[in-house]
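Asks: Just so you know, the sequence shown maps onto residues 1 to 110 in the working numbering. Glycine residues also receive a C-beta, built at the ideal position from the N, C-alpha and C atoms. As the structure is a computational prediction, the values presented were derived from the model and not from experiment.
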Amino acid sequence: MIQLAVLFSSYAAFTALCLGMDGHHREVFGRAPAPGRKRLLRGAGWALLLASLLLAIAIGAQGVVAWAVMLTLSTVLLVLLLAYWPRRVAPLGWLGLACAGLALVASVWS
């Protein structure tokens with residue numbers, strides 16, 4: 001279950017980093033982000049990437065390799081969503097964050 005937490009948190013991280021850019025934010029929301037929102041999104045993205053790395057290290061010896069795979073999968077999904085369904089990027093980012101939390105709780109309880 002912790003692998004799912006790594007996958008979902010890395011997707012949420014890349015979504016936040018993506019929405020912290022003017023062009024992508026404008027494509028998704030129809031307007032450029034405010035400077036404070038841009039800083040918040042970028043900070044949250046980097047914090048979530050760090051959290052996903054720490055979760056991956058907790059997996060064990062192959063954790064960093066699994067993290068690289070999860071980063072690749074999440075970025076491919078994000079790029080496809082930006083290309084074909086840009087309005088769904090933000091809601092799925094929030095869903096990814098919620099699923100990461102649920103997967104983390106499930107992995108702790110099991």
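Compute the beta-carbon to beta-carbon distance between Tyr-11 and Leu-77, rounded to the nearest angstrom, for a pair I have assumed lies under 8 Å.
Replies: 6 Å
Asks: For Pro-33, I'd like the list of residues in its chain whose CB is within less than 6 Å of its CB, leaving aside the five on either flank, ordered along the chain.
Replies: His-25
Asks: Return the chain-ordered list of same chain residues with a C-beta closer than 6 Å to the C-beta of Gly-96, the five sequence neighbours on each side being excluded.
Replies: Phe-8, Tyr-11 and Ala-12
Asks: Given that a residue counts as buried once 16 or more other Cβ atoms are within 10 Å of its Cβ, and exposed if not, what is Val-28?
Replies: Its Cβ being crowded by 16 or more others within 10 Å, Val-28 is buried.
Asks: Measuring straight from C-alpha to C-alpha, what distance separates Gly-60 and Leu-80?
Replies: 30 Å
Asks: Quick one: is Val-89 buried, meaning 16 or more other Cβ sit within 10 Å of its Cβ, or exposed?
Replies: Classified as buried, Val-89 has 16 or more neighbouring CB atoms from the shown chains inside 10 Å of its CB.
Asks: Is Leu-50 buried or exposed, if buried means 16 or more other CB atoms sit within 10 Å of its CB?
Replies: Taking all protein chains shown into account, Leu-50 has fewer than 16 neighbouring C-beta atoms within 10 Å of its C-beta and is therefore exposed.
Asks: Distance check for Ser-74 and Phe-14, CA to CA, integer angstroms please.
Replies: 8 Å
Asks: Residues in the same chain with beta-carbon distance under 6 Å from Leu-41, minus the five sequence neighbours each way, listed in chain order, please.
Replies: Correct list, in chain order: Ala-16, Leu-19 and Gly-20.
Asks: Would you mind giving the Cβ-Cβ distance between Leu-55 and Ala-5, rounded to the nearest angstrom? I have them listed as a contact below 8 Å.
Replies: 5 Å
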